[in-house]
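Residue numbers (numbering that gives the first Met the number 0): 0 to 105.
Built from N, CA and C at the ideal position, the CB exists for glycine as well.
As structure tokens, the structure follows; a few thoughts come after it.
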Amino acid sequence: MLRFKCPVCNAVADETELSPGGEAHIERMGPGSSDDAFYKYLFERKNPLGIHFERWFHAYGCGKWFHAARCTKTMEIFGTYKAQEIKPPKHIIDAITKKRPNWKNE
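As structure tokens, this is what we get:
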């Protein structure tokens, strides 16, 4: 079972208290975007075997969204951070590269 620390209310919650929200940091398309770009925005998502940045909703807690860095192969959680962050914070990247020195944030 996954256990996340909510960065909003600081509660440690089992995954049963949360709802997954898919990939984090998706670039939203503006009104002038092409049909192809809009299609990719709506339907194409990364599904890596390894480090993945995800959105989670604390459904049975504070009711806020947050982001988590997690390895989809080992289920290891490297940390969580507020959903307002437009990219993963340095302490999250440092936690990942400490355990996975060859990892590149792409």
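Identified DSSP bridge partners for residue i
| i | result |
| --- | --- |
| A67 | E53 and T79 |
| F3 | A12 |
| P19 | W55 |
Contact check, residue i vs residue j, beta carbons under 8 Å
| i | j | result |
| --- | --- | --- |
| F56 | K81 | no |
| P6 | F52 | no |
| M74 | L1 | yes |
| A23 | R69 | no |
| A67 | F3 | yes |
Euclidean distance between Cα positions of residue i and residue j
| i | j | result |
| --- | --- | --- |
| Y38 | I25 | 13 Å |
| T71 | S32 | 31 Å |
Exercise for review: Would you check if the stretch 60-79 and the stretch 4-14 touch, i.e. whether three or more CB-CB distances between them fall below 8 Å?
Suggested key: yes
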